[in-house]
Amino acid sequence: MNDQSAMQRATGFDIPDPVDLPSLKDKVSAEEWKLRCELAATYRLCAMHGWTDLVFTHISARLPNENGQERFLINPYGLMFDEMTASALVKIDLDGNICQETPYFINPAGFTIHSAIHAARHDAGCVIHVHSPYGVAVSVQKGGLRRYTQFSMIVNNDLAYHDYEG
Numbered sequence: 012m013n014d015q016s017a018m019q020r021a022t023g024f025d026i027p028d029p030v031d032l033p034s035l036k037d038k039v040s041a042e043e044w045k046l047r048c049e050l051a052a053t054y055r056l057c058a059m060h061g062w063t064d065l066v067f068t069h070i071s072a073r074l075p076n077e078n079g080q081e082r083f084l085i086n087p088y089g090l091m092f093d094e095m096t097a098s099a100l101v102k103i104d105l106d107g108n109i110c111q112e113t114p115y116f117i118n119p120a121g122f123t124i125h126s127a128i129h130a131a132r133h134d135a136g137c138v139i140h141v142h143s144p145y146g147v148a149v150s151v152q153k154g155g156l157r158r159y160t161q162f163s164m165i166v167n168n169d170l171a172y173h174d175y176e177g
């Protein structure tokens, strides 16, 4: 009998079960804990609706600026959306430094996407990157979102593009 998880067998990484993690509730501010709970719930809601792509999608939430440090929470690499807990989320700064003790690491592609958005858009409290069929269809078009309908015009001035880096 193999006692490794499917993720361990697939990646070769030892990914701790989030159920075994000690709670961070008493180690972070009440504001951060609330944000962690809301973000974990967002992951599970996305999982419930099927808006996942194994471990290749991510959601982040900006933390309140503390001593001039911009940081955000993001999922650890290797956990599925339906496994996410408030204590499993990873606190990271815009330079890619993990700002908490954690057994996890992050997806470099997730960091690249989310750090760029959080650095450019200080009004973005939450960034959701999923591979929905319609979103993928738009993203592969050379011109991006075409402005053919009233619905596309609503978001016209709020769209930004980030080149794929690998």
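For the sequence shown, counting from 1, position 73 maps to 84 in the working numbering; every step adds exactly one.
From the three backbone atoms N, C-alpha and C, an ideal C-beta is built for every residue, glycine too.
All values reported here derive from a predicted model rather than from experimental measurement.
{"Item": "Rounded straight-line distance, which links the Cα of T113 to that of P87", "Value": "9 Å"}
{"Item": "Beta-carbon proximity of G136 to R82, cut-off 9 Å", "Value": "no"}
{"Item": "Selection from L84, G154, D106 that minimises the alpha carbon distance to K45", "Value": "L84"}
{"Item": "Rounded C-alpha distance that separates K102 from Q161", "Value": "38 Å"}
{"Item": "Coarse secondary structure for L84, derived from DSSP in three states", "Value": "strand"}
{"Item": "Within 9 Å, strictly: CB atoms of Q111 and L35", "Value": "yes"}
{"Item": "Reference M59; option with closest CA among G146, A131, M95, L156", "Value": "M95"}
{"Item": "Length at least 3, wholly inside the stretch 103 to 142: the beta strand (DSSP E) runs in chain order", "Value": "137 to 140"}
{"Item": "Simplified DSSP assignment, three categories, for A51", "Value": "helix"}
{"Item": "Where A97 falls, given that 16 or more other Cβ within 10 Å makes a residue buried", "Value": "buried"}
{"Item": "Limits of the unbroken beta strand (DSSP E) element including S71", "Value": "69 to 73"}
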